[in-house]
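Top line first, the protein sequences correspond to chains G and D.
FYI, UniProt numbering numbers position 107 of the first sequence as 107, with every residue one higher than the one before it.
FYI, UniProt numbering numbers position 162 of the second sequence as 162, with every residue one higher than the one before it.
Protein chains: 2
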Amino acid sequence: MSGGGFIKTLVIVGHPQIEDSSTQQFLKKAADLSEVTWHPVNTFNVEVAKDQALIQQTDRLVLQFPLYWYSAPAVLKNWIDQVLTRHFAYPDAMGSLVGKELGIAVSLGSPARNFVAGAGENFSLSQIMIPFQALAHKLQMTYLPTFVIDQFGYQSDEMKAKLLINYQRYLTQPRLGHFDDQTDWLVNKLSELIATVPEDKKQQLTLILDQIKNDQSTLEDLQMNLKMIQDTEE
Amino acid sequence: MSGGGFIKTLVIVGHPQIEDSSTQQFLKKAADLSEVTWHPVNTFNVEVAKDQALIQQTDRLVLQFPLYWYSAPAVLKNWIDQVLTRHFAYPDAMGSLVGKELGIAVSLGSPARNFVAGAGENFSLSQIMIPFQALAHKLQMTYLPTFVIDQFGYQSDEMKAKLLINYQRYLTQPRLGHFDDQTDWLVNKLSELIATVPEDKKQQLTLILDQIKNDQSTLEDLQMNLKMIQDTEE
C-alpha cells in the first residue's frame with residue numbers, strides 16, 4: 001500500500017503570544033498526534049543545541065507563524081538565525097538537513113484572495129515566501145507547498161473542520177500532493193476513528209469507508225485501463 | 001537646476017554586532033552627512049514613539065542590514081514589527097508614510113553574482129526582497145532599487161572608494177535613477193570638495209569639474225537636437 005509510511009514532523013510555532021492566539025490554540029489541538037512534535041517559540045531565548053537535536057530527528061520541519069509585514073515574526077527569525085548555524089545546517093555540515101522537508105504554515109489577517117498581482121497585497125504568497133524557498137534550496141531540503149490559514153477568526157465551523165483535516169494531512173501525510181497518498185491517509189484516519197466510536201456510528205462510518213475504498217479501486221482500474229490503451233497505441 | 005533639492009534620510013542599521021562589523025563601520029563613516037540620520041538597531045529594545053517621530057521627519061527610509069537567511073536579522077524584523085504599528089504606519093493613519101521612499105541597503109556574505117536562477121543562491125535579490133517591496137506597496141511608499149554591498153571584506157581599495165560614492169549617492173541624491181540628477185549630485189559634491197582642498201589640488205579638481213559640466217551640457221545639447229529632429233518628423 002502506497003503512502004502507508006510514517007514520518008516525524010516538527011512544528012516550530014513562532015508567535016509572540018501563542019497562548020492568546022485562538023488560531024494557534026486550534027492548530028495545537030489539531031497537531032496533538034503521535035508523530036508530531038509541537039514546539040512553541042515565543043521568546044528570544046533559544047536552546048540551540050536542544051532544538052538542533054529535535055531537527056535531526058525530524059523528517060518534516062514546519063515553520064508556523066502569523067504573517068507580520070510579509071515575513072515571520074521576529075521571535076521566529078531569531079530562532080532561525082540562532083539554530084541554523086553554518087556548522088549545523090549547511091549540506092556539508094554534521095547536522096545536515098539534506099533531504100528533509102520544509103513546510104510553511106502561515107496564518108493571514110488579510111484575506112488570501114488579496115495576495116495576487118493587482119489586488120490589495122499585490123504579491124502572491126509564493127513570492128512572499130521566497131526567502132524560505134531560498135533557505136530550503138540552500139540546505140537541499142524539499143520545499144513543500146505553503147499551508148495557508150485564511151483569516152481563522154472569520155471561518156465557519158464547517159471551514160474549521162476542513163482546516164483541521166487538511167492541517168493534519170499537511171503535518172503527517174507522506175508525499176504531500178500525491179492523490180493516492182491523500183486517499184490512503186484519509187482511509188487510515190477513518191479506520192482509526194471507527195475503532196473509537198460507539199457501535200451505532202461505527203456502521204455508518206464503515207459504509208463511508210467502503211465507499212471511499214471502492215472509489216479508489218475504481219479510479220485505479222480506470223488508470224490501469226488508460227495505461228493499457230496508451231501502451232497498445234505505442 | 002534639476003536635482004538641486006535636499007532630502008532627509010533615515011538609515012536604520014539592523015545588525016546584532018554593529019561595532020564589530022567592518023562593513024557597517026565603513027558605511028557609518030560614509031553616512032556622516034548633514035542630511036543623514038544614522039540609527040543603529042542592535043538589540044530587541046525599541047523606543048517606539050521616538051523612532052516613529054524620526055520616520056515622520058524623513059523623506060527616505062533606508063533599511064540596512066547583512067542578509068541573514070535571505071532576510072533581515074531578527075533585531076531589524078523586531079524593529080519593523082514594533083515601530084510600524086497599524087495605527088502609525090497604514091496610509092489612513094496619522095503617521096502615514098505615503099509618498100516617502102523605502103530603500104534597502106543589504107550586505108552579502110555570498111557573491112552577488114550567485115543571486116540568479118541556476119546559480120548558487122537560485123533567486124535574485126529582487127525576489128528575495130519582495131517582502132520589503134510588499135511593505136512599501138502596502139504603505140504607498142516609493143520602493144527604491146536595492147543597494148548591494150557585495151562581500152565587503154574582499155573588496156579592493158578602488159572598489160571601496162566607488163562603494164563610498166555610490167552609497168552616499170543612494171542616501172542623499174534626490175530622484176535616484178535619473179541620470180541628470182546623478183551628474184548634478186557629483187558636481188555638487190565635487191564643488192564642496194574643491195572648497196576644502198589645498199591650492200595645488202584645487203586647480204586639478206576644477207579642471208575635472210569643468211570637464212564634467214562640459215560633458216553634461218554637450219549631452220543636453222544632443223538631447224535638445226534629438227528632440228527637435230523628432231518634433232520636425234512628426
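Each residue gets a CB set at the ideal place from its N, CA and C atoms; glycine is no exception.
Here the alpha carbon of Q155/D sits roughly 26 Å from the alpha carbon of T9/D.
Annotation: the UniProt domain "Flavodoxin-like fold" (8-162) of chain D contains the following complete segments of the beta strand (DSSP E) (minimum length 3 residues), in chain order: 9-14, 36-41, 60-66, 101-108 and 147-150.
In terms of beta-carbon proximity, L135/G lines the interface with chain D, with at least one pair separated by less than 7 Å.
For Q168/D, the three-state secondary structure derived from DSSP is helix.
DSSP places Q173/D outside both helix and strand once states are collapsed to three, so it counts as coil.
Residue-level contact check: Q204/D does not touch chain G, since none of the beta carbons of chain G fall below 7 Å from its beta carbon. Per DSSP, reduced to three states, the secondary structure at V197/G is coil, with no helix or strand assignment.
Three or more Cβ pairs drawn from the region 133-144 of chain G and the region 92-105 of chain G lie within less than 8 Å of each other, which places the two stretches in contact. Considering only H39/D, V116/D and Q24/D, the residue with the shortest C-alpha distance to Q52/D is H39/D. A straight-line Cα-Cα distance of about 28 Å links V75/D and G120/G. A contact is defined here as three or more CB-CB pairs under 8 Å, and the region 80-94 of chain G meets this definition with respect to the region 42-58 of chain G.
As the crow flies, the alpha-carbon of I212/D is around 11 Å from that of Q182/D. The C-beta distance from A105/D to F44/D rounds to 21 Å, too long to meet the 8 Å contact threshold.
When C-beta atoms of the region 53-72 of chain D are compared with those of the region 57-69 of chain G, fewer than three pairs fall below 8 Å, so the two segments do not count as touching.
Cβ atoms of S191/G and L209/G come within 8 Å of each other, at about 7 Å. Contact of D81/G with chain D is assigned, a C-beta pair being separated by under 7 Å. The beta carbon of S96/D does not come within 7 Å of any beta carbon belonging to chain G, so the residue lies off that interface.
Comparing C-alpha distances from V46/D to each of I18/D, G5/D, S21/D and L84/D shows the shortest one belongs to L84/D.
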